[in-house]
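Only one structure is covered here, and it is reproduced in the block below.
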Amino acid sequence: MTRIDRRALFASGAAAALLAATGASLADTPKSGGVLRLAVPRDDSLELVARGAVFDTLTEIAPDGTLRSELATGWHTDSDAQVWHFDLREGVSFHDGALLEVSDVLAVLNEVGRAEALSHGAVRLDLAEANPGLPFLLADSRFVIPRAGQGVTPLHTANGTGCYRVERAEDDRHFLARKVAGHYKQGQSGWAEAFEIIVIPDARVRAEALRDGYVDIAALPESDDLKGQRGLRFHPGESDMALAVAPHVGMPRQIGAGRALDDGRMAERWWRA
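For the sequence shown, the numbering used here begins at 16 and goes up steadily by one.
Written out as structure tokens, the structure reads:
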């Protein structure tokens, strides 16, 4: 690929043949740019997905359900799984420009156990009881890392280290965020230039918005309005629909089915194909 024009390749039929040979498809190939728009009911969906866009956690559940690092680059525990050590990612900035500090992490970890700084880039956490699944627990959106113990709401003041910075937000109504330039996940996550969430309480109206192209994804649990609609895809599936997705939306080939919104990280992991 070093001597072939990539744009010319992917503009031709050769791309389809190449990806077919590797077992992939054009929809599996992330594409940067555009605005990804999501319609949700008036429940906690807006805040869940917005948190995943704006904030990071120490660890992350990948689309296929495996555990991987985020603000923590490594961790280990003792034989009893009661004392844990976490190494923190260096050079990470909050959206207001402040660097991530150990104190920001301690403010969150002290909700789990007794946390202390070992250095400017490492922390120790002592638990009251053993928990070998702690790294999975810390990937939950309850443990996002805000700046200096600030809250995660109201959303219009949210200040995290995630791929997207809040541009405009009204709790329970609307959310718009734009991609952070030079983010440490660049080239791995955050493909859309902007991500928008619109609250539409009526399921039928959400279905119409998707069908008419006003949104790209609609939360439609237990809805029959779009079943059988040609061209649309359903996540996790048509028989247990949680999301209806326009055909131009790309997503990882393997997505864990444990949570309908992919652990709230839709903004980072889905793209306009």
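We put the beta carbon where it would ideally sit given N, CA and C, even for glycine. Keep in mind it's a predicted model, so treat the numbers as computed, not measured.
The three-state reading of DSSP puts Ser-108 in strand, counting E and B together. Nearest Cα to Leu-114 within the set Ala-143, Pro-169, Pro-56, Gly-177: Gly-177.
DSSP places Val-69 in the uninterrupted alpha helix (DSSP H) bounded by 60 to 69. Taking C-beta separations shorter than 7 Å and ignoring five residues to either side along the sequence, the partners of Pro-150 in its chain run Thr-74, Leu-82, Trp-90, following chain order. With a cut-off of 8 Å on Cβ pairs, the segment 134 to 152 is in contact with the segment 94 to 110, counting three or more such pairs.
Rounded to the nearest whole angstrom, the CA to CA distance from Phe-158 to Asp-278 is 13 Å. Cβ-Cβ distances below 8 Å link Asp-111 to Arg-162, Asn-174 in the same chain, with the five nearest sequence neighbours on each side left out; the list follows chain order.
Using a Cβ-Cβ distance cut-off of 8 Å, the segment 43 to 63 and the segment 203 to 218 are in contact, since at least three pairs of beta carbons, one from each stretch, lie closer than that value. For Gly-80 against Ala-282, the beta-carbon gap comes to about 19 Å, at or over 8 Å, which does not count as contact. Beta-bridge annotation (DSSP): Asp-141 is paired with Val-98, Arg-129. The alpha carbon of Asp-255 has as its nearest neighbour, out of Val-167, Leu-241, Asn-125, the alpha carbon of Leu-241. Beta-carbon to beta-carbon, Val-214 and Leu-61 are separated by about 6 Å, close enough to satisfy the 8 Å threshold. In the three-state DSSP reduction, Leu-115 falls in the coil class, being neither helix nor strand.
Shown here, Arg-52 sits in a strand according to DSSP, grouped into three states.
DSSP places Val-214 in the uninterrupted beta strand (DSSP E) bounded by 209 to 214. Contact between Leu-124 and Ala-132 does not hold, since the beta-carbon distance rounds to 10 Å and is not under 8 Å. The beta strand (DSSP E) runs of length 3 or more contained entirely in the segment 152 to 232 are, from start to end of the chain, 179 to 185, 189 to 194, 209 to 214.
In this structure, Leu-235 sits away from Ala-261, with a CB-CB distance that is not shorter than 8 Å.
For Arg-245, no beta strand (DSSP E) encloses it, and the DSSP letter there is neither H nor E. Met-266 and Gln-203 have their C-alpha atoms some 13 Å from each other. Judged by their CB atoms, Ala-192 and Glu-185 are not nearer to each other than the 8 Å cut-off. Taking every protein chain shown into account, the CB of Asp-71 has 16 or more other CB atoms within 10 angstroms, so this residue is buried.
Taking the Cβ atoms as the reference, Asp-119 lies roughly 21 Å from Ile-76, outside the contact range of under 8 Å. Around the beta-carbon of Arg-280, 16 or more other beta-carbon atoms lie within 10 Å, marking it buried. Scanning its chain for C-beta atoms nearer than 8 Å, with the 5 sequence neighbours on each side dropped, one finds around Ser-108 the residues Leu-114, Leu-115, Thr-176, in chain order.
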